[in-house]
Amino acid sequence: MSGGVISIRGAGQHNLKNIDLDLPKGKLIVITGVSGSGKSSLAFDTLYAEGQRRYVESLSPYARQFLNLHAKPDVDHIDGLSPAISVSQKHCHKNPRSTVSTVTEIHDYLRLMYARIGVPHSPATGKPISRLSASRIAQEVVGLPIGTKLHILAPITQAKGGELLKSIAEMRRLGYTRLKIDDTVYDINEIPPLQRDSTHKIYVVVDRVVIAQEKSNRIPSSVENALLIGKGIMHVEIVSLPQDCAAQEYQPGQILVFSEHFICPESGFHIGEVEPRLFSFNTVCGACKHCLGMGRNHAIDINLVVPNTELSILEGAIDPMGPIRPPANTYHGPSFAHQCAHEIALIAKMHAIDLSIPWCKMDEGLRNVILFGNKDGTLNTEFKPAGSRGILGLLNESGNIVAEKIAERYSVSSTCPHCMGFRLSPESLSVKIDGKHIGEVCAFSVDEAIAWCEGLPSKLSEYENAVCTKLLEEVVKRLKFLSNVGLSHLTLDRESRTLSGGESQRIKLASQIGSGLTGVLYVLDEPSIGLHQRDNALLINTLKNLRDMGNTVVVIEHDDEMMLNADHIVDVGPGAGTHGGEIVAQGTTEDIAASKESITGKYLSGEMRIDPPKGKKSFTNWIEIKGARKNNLQNVDVKIPIGGFTCVTGVSGSGKSSLIWDTLYKYALHRVDGEPIRPDIECDTILGLENIDKVIEIDQSPIGRTPASNPATYVGLFSHIRTWFAGLPLAKSRGYTVSRFSFNAKGGRCETCRGDGYIRIEMHFLPDMYVKCEECHGLRYNRETLDVTYKGKSIADVLCMTVDEALECFNAIPLIKEKLHALREVGMGYVRIGQPSTTLSGGESQRVKLSKELSKRSTGRTLYILDEPTTGLHISDVKNLLRILHMLAKLGNTVVVIEHNLHVVKTADYVIDIGPEGGDRGGSVVAFGPPAELVKQYPNSITAQYLLPYLQNPKT
Numbered sequence: 001m002s003g004g005v006i007s008i009r010g011a012g013q014h015n016l017k018n019i020d021l022d023l024p025k026g027k028l029i030v031i032t033g034v035s036g037s038g039k040s041s042l043a044f045d046t047l048y049a050e051g052q053r054r055y056v057e058s059l060s061p062y063a064r065q066f067l068n069l070h071a072k073p074d075v076d077h078i079d080g081l082s083p084a085i086s087v088s089q090k091h092c093h094k095n096p097r098s099t100v101s102t103v104t105e106i107h108d109y110l111r112l113m114y115a116r117i118g119v120p121h122s123p124a125t126g127k128p129i130s131r132l133s134a135s136r137i138a139q140e141v142v143g144l145p146i147g148t149k150l151h152i153l154a155p156i157t158q159a160k161g162g163e164l165l166k167s168i169a170e171m172r173r174l175g176y177t178r179l180k181i182d183d184t185v186y187d188i189n190e191i192p193p194l195q196r197d198s199t200h201k202i203y204v205v206v207d208r209v210v211i212a213q214e215k216s217n218r219i220p221s222s223v224e225n226a227l228l229i230g231k232g233i234m235h236v237e238i239v240s241l242p243q244d245c246a247a248q249e250y251q252p253g254q255i256l257v258f259s260e261h262f263i264c265p266e267s268g269f270h271i272g273e274v275e276p277r278l279f280s281f282n283t284v285c286g287a288c289k290h291c292l293g294m295g296r297n298h299a300i301d302i303n304l305v306v307p308n309t310e311l312s313i314l315e316g317a318i319d320p321m322g323p324i325r326p327p328a329n330t331y332h333g334p335s336f337a338h339q340c341a342h343e344i345a346l347i348a349k350m351h352a353i354d355l356s357i358p359w360c361k362m363d364e365g366l367r368n369v370i371l372f373g374n375k376d377g378t379l380n381t382e383f384k385p386a387g388s389r390g391i392l393g394l395l396n397e398s399g400n401i402v403a404e405k406i407a408e409r410y411s412v413s414s415t416c417p418h419c420m421g422f423r424l425s426p427e428s429l430s431v432k433i434d435g436k437h438i439g440e441v442c443a444f445s446v447d448e449a450i451a452w453c454e455g456l457p458s459k460l461s462e463y464e465n466a467v468c469t470k471l472l473e474e475v476v477k478r479l480k481f482l483s484n485v486g487l488s489h490l491t492l493d494r495e496s497r498t499l500s501g502g503e504s505q506r507i508k509l510a511s512q513i514g515s516g517l518t519g520v521l522y523v524l525d526e527p528s529i530g531l532h533q534r535d536n537a538l539l540i541n542t543l544k545n546l547r548d549m550g551n552t553v554v555v556i557e558h559d560d561e562m563m564l565n566a567d568h569i570v571d572v573g574p575g576a577g578t579h580g581g582e583i584v585a586q587g588t589t590e591d592i593a594a595s596k597e598s599i600t601g602k603y604l605s606g607e608m609r610i611d612p613p614k615g616k617k618s619f620t621n622w623i624e625i626k627g628a629r630k631n632n633l634q635n636v637d638v639k640i641p642i643g644g645f646t647c648v649t650g651v652s653g654s655g656k657s658s659l660i661w662d663t664l665y666k667y668a669l670h671r672v673d674g675e676p677i678r679p680d681i682e683c684d685t686i687l688g689l690e691n692i693d694k695v696i697e698i699d700q701s702p703i704g705r706t707p708a709s710n711p712a713t714y715v716g717l718f719s720h721i722r723t724w725f726a727g728l729p730l731a732k733s734r735g736y737t738v739s740r741f742s743f744n745a746k747g748g749r750c751e752t753c754r755g756d757g758y759i760r761i762e763m764h765f766l767p768d769m770y771v772k773c774e775e776c777h778g779l780r781y782n783r784e785t786l787d788v789t790y791k792g793k794s795i796a797d798v799l800c801m802t803v804d805e806a807l808e809c810f811n812a813i814p815l816i817k818e819k820l821h822a823l824r825e826v827g828m829g830y831v832r833i834g835q836p837s838t839t840l841s842g843g844e845s846q847r848v849k850l851s852k853e854l855s856k857r858s859t860g861r862t863l864y865i866l867d868e869p870t871t872g873l874h875i876s877d878v879k880n881l882l883r884i885l886h887m888l889a890k891l892g893n894t895v896v897v898i899e900h901n902l903h904v905v906k907t908a909d910y911v912i913d914i915g916p917e918g919g920d921r922g923g924s925v926v927a928f929g930p931p932a933e934l935v936k937q938y939p940n941s942i943t944a945q946y947l948l949p950y951l952q953n954p955k956t
């Protein structure tokens, strides 16, 4: 698809200012610019939306009704546009059953391969299980020692005696004269009475034979009849052996089991037809019956329910209930705590329990009564009257939403002991290839799976290779695509919902490359997010391969390396919001660097840069993590300076999140809140937390799940604005309260659209139409509410202001100004304060959260934890963010950031590098110390090698 251009004329979507632009087809194009300049409006809301819309409109009306359709973007016309595919950062798999292998279809190919060449093994003996044809079984029987007397038996049922009459009558009709019931043979007409409530093993004696030298058709015929009656299963009972028999493996009375199905003759373990669905944890036949294919069980941990055994029940030994004042039945706490207290009061009265005795000194039987409602320590989930349910019975009460939410705090997740976390049934896990079942293969990392698949053909037979060669090729191809986009550390059974936005996007990218499409327009949103610089080179090569297949690849990106490798760069700006929406510069990297108007160009040329702080900070107090073992962490001991700005780095999957989020954050949060440390944190101890009084997490999760949520409501700004409007003279004279100015409450909102500002109209095979409400004209409020104005602006006008515009309007009102100033400080000046939070990117959501914390009064003893805060930020915005983070640290707060951006890493007070690789080859502290010392003392550190040029070259 080389040659030609995509010609865009009059693009005015969102803040784009009627721009004209020509993009070369068949090239790798980077769109960059400051945050809010209009990059996404150009790439996704114009290019992708129009490409997708045109393709969908070519389909039939019937097909269109099932698709998510895009409205026509605000653009005069676009020529040379191809069908478009977007690869965004948004998580599309929230289902815990979705894994890396299922999303990439690797699991489907593995299931097919195991169904075709997998060999079942007995869990009891470990030996392979084979199924035999009738002729093969007959050969086995005929092969017994000559002179052996035997009975050929067919099992007809193992049901209760009362259900056997029909089966026995049918056997009598077919002419069979003997039955073996349990261990005794009876004439079919002289069967003793069978107890209706007992279970019997019933066999039809199909034939009694003696193995002779001459061949006979009798045994093959009897074998076929026995298999027919026994539905594929038959037994051979050795009645006696010849006196001169030397065979040691046979004994009189021995039962030999034969089957047309897979069955273990020693243990009786059997498996049905080996089909692909047997290896899916989403099917009834494939899923583990105990965890239902989830691989994990959730149960209440008694140690969390009773964290301090030195206390008595009155003193608060039972955490969900807290301390109570005698008499227990007069407790006046929250409703669930009151239920607990009432239950305890009844139990204490029934069993004469002294509630003032410390828990550890109480009799174990009585403790069980309090917890389980009985002395044997088992939980009965059936309905029981008050006084016999116990505390755990209350917590496990189904249908009680309050109890379920409280129970979550005391529950721990553990690997299912029956399937060992593999999610599959014993029958599924019994089928192996090269000694490994499908669960073990899915537990491999991408690199391990590649090595196993590539080494497999040499271990298979010619027939097996012929069957699975194509399947293996597809699996290896997809695995290598994952490896090439920096995901070699992921295990195939990793849940999709636990992936970061960048990892999720790169998995989609790998799937697209595997599809082999050509002539397509791909639009990607910052694919380098979460990638270490080493892995970034692999990603760039992958994008180039996608381009070389004949596609046009458009990437929104701020990464230096990505821009240096681009065929064409478009710089959108010059500012954000209304100050952006123009094409500042376009062309090659050299063209951008030479532009005097481009801020991006000034950083590329070295005219502008981020300088590391001068001097070295010294620290007296440290947070000391000891024995961290979560996920792949290798019993890590590490120190973090209190009052410093620390960067945690490392290649993808090295264990950064396990150390900071799963260990430090959770442990510190429990310690600061005075809660017991949960055992699933998996850390010996963390010292130095007495210097921390608050723990703040600032991640990239959405700040709201509905359009009613917006930056103003999240940071608490809107409540101050509503209070201000309620205090204006006109509002006071009309008796308007603060609630009058809420678009979520009756009274002030427009009731026609219920405060939404628009009416949704379903169009079935066309995209749903959102029509501006005719009553309020999209302003969300009724006419009377909009009469109240400040500086000529109504409450609806204020919601449409950007942060910068609102700051000018409310500059004289301290409470409002403070919140707005914090938003502008984190680079959100271009965002409308009433913009729905569902439309904010992950990076924007994170910065809104940061502004909320900045607007609070600092104690100087807060631990701030941020996960890649530079996501979505232009380098000029990164400089502003760094100023804020260093300011927080200067106030005495501890700032810990997981980050790959080397502009951030070089300015840190302290760096901790985790590695050396991802997955099982990671989880150790590779290097630590101030950046300048780290590159000198740890030259083998991968991060140090990439960081060194940024410290030596003043232009970076």
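Residue numbering for the sequence shown is 1 to 956, as defined by the UniProt record's numbering.
Backbone N, C-alpha and C define an ideal beta-carbon position, used for all residues, glycine too.
I406 is positioned such that its CB atom lies no closer than 8 Å to that of K656. With contacts defined by Cβ atoms closer than 8 Å, Y114 and V431 form a contacting pair. Here I19 has A11, I583 as same chain residues with Cβ atoms under 6 Å from its own Cβ, once five neighbours each way along the sequence are excluded. For V572, the enclosing beta strand (DSSP E) has its first and last residue at 568–573. Within the DSSP secondary-structure output, D913 pairs in a beta bridge with T649, A927. With contacts defined as CB atoms closer than 8 Å, I640 and A668 fail to qualify as a contacting pair.
Non-local C-beta neighbours of E454 in its own chain, meaning closer than 8 Å and more than five positions away in sequence, comprise V476, ordered along the chain. By DSSP's assignment, F725 forms no beta bridge with any residue. Listed as beta-bridge partners of D525 by DSSP are I556. Within 10 angstroms of the beta-carbon of P702 lie fewer than 16 other beta-carbons, which makes it exposed. Beta-bridge pairing by DSSP links N297 to S414. For Y938, same chain residues with a beta-carbon under 6 Å away, outside a window of 5 residues either side, are A927, A944 in chain order. For Y186, the three-state secondary structure derived from DSSP is strand.
I759 has V771 as its beta-bridge partners, per DSSP. With distances taken between CA atoms, S709 lies nearest to S845 out of D354, S845, D673.
The C-beta separation of L604 from T588 comes to about 11 Å, leaving the pair out of contact by the 8 Å criterion.
Under the three-state reduction of DSSP, P61 is assigned to helix. Here H107 is actually not in contact with C288; their C-beta atoms are around 16 Å apart, not less than 8 Å. Contact between the stretch 631–649 and the stretch 608–619 is established, with three or more Cβ pairs separated by less than 8 Å. Cβ neighbours of S841 within its own chain (closer than 7 Å, five residues either side excluded): G872. The three-state reading of DSSP puts D319 in coil, since its state is none of H, G, I, E or B. Using a Cβ-Cβ distance cut-off of 8 Å, the stretch 72–84 and the stretch 407–416 are not in contact, since fewer than three pairs of beta carbons, one from each stretch, lie closer than that value. In this structure, the alpha-carbon of I816 lies about 42 Å from that of V638. In the DSSP assignment, F258 falls within the beta strand (DSSP E) that extends over 255–259. For I255, the CB contacts under 6 Å within the same chain, skipping 5 residues up- and downstream, are H235, E237 in chain order. An exposed status is given to R705, since fewer than 16 other beta-carbon atoms sit within 10 Å of its beta-carbon. The alpha-carbon of N782 is positioned some 17 Å away from that of K732. With respect to the 8 Å criterion, V715 and S855 are classified as neighbours on the basis of their beta carbons.
By the beta-carbon neighbour count (other beta carbons within 10 angstroms, threshold 16), R547 is buried. Counting C-beta atoms within 10 angstroms of its own C-beta, M350 has fewer than 16 neighbours from the protein chains shown and is therefore classed as exposed. At least 8 Å separates the beta-carbon of H270 from that of F258. Taking the Cβ atoms as the reference, H70 lies roughly 14 Å from A43, outside the contact range of under 8 Å.
For C291, the CB contacts under 6 Å within the same chain, skipping 5 residues up- and downstream, are N297, C416 in chain order. For D680, the CB contacts under 7 Å within the same chain, skipping 5 residues up- and downstream, are V412, S413 in chain order. Counting the other CB atoms within 10 Å of its CB gives K361 a total below 16, which places it among the exposed residues. Three or more beta-carbon pairs separated by less than 8 Å link the stretch 448–465 to the stretch 479–498, which places the two stretches in contact.
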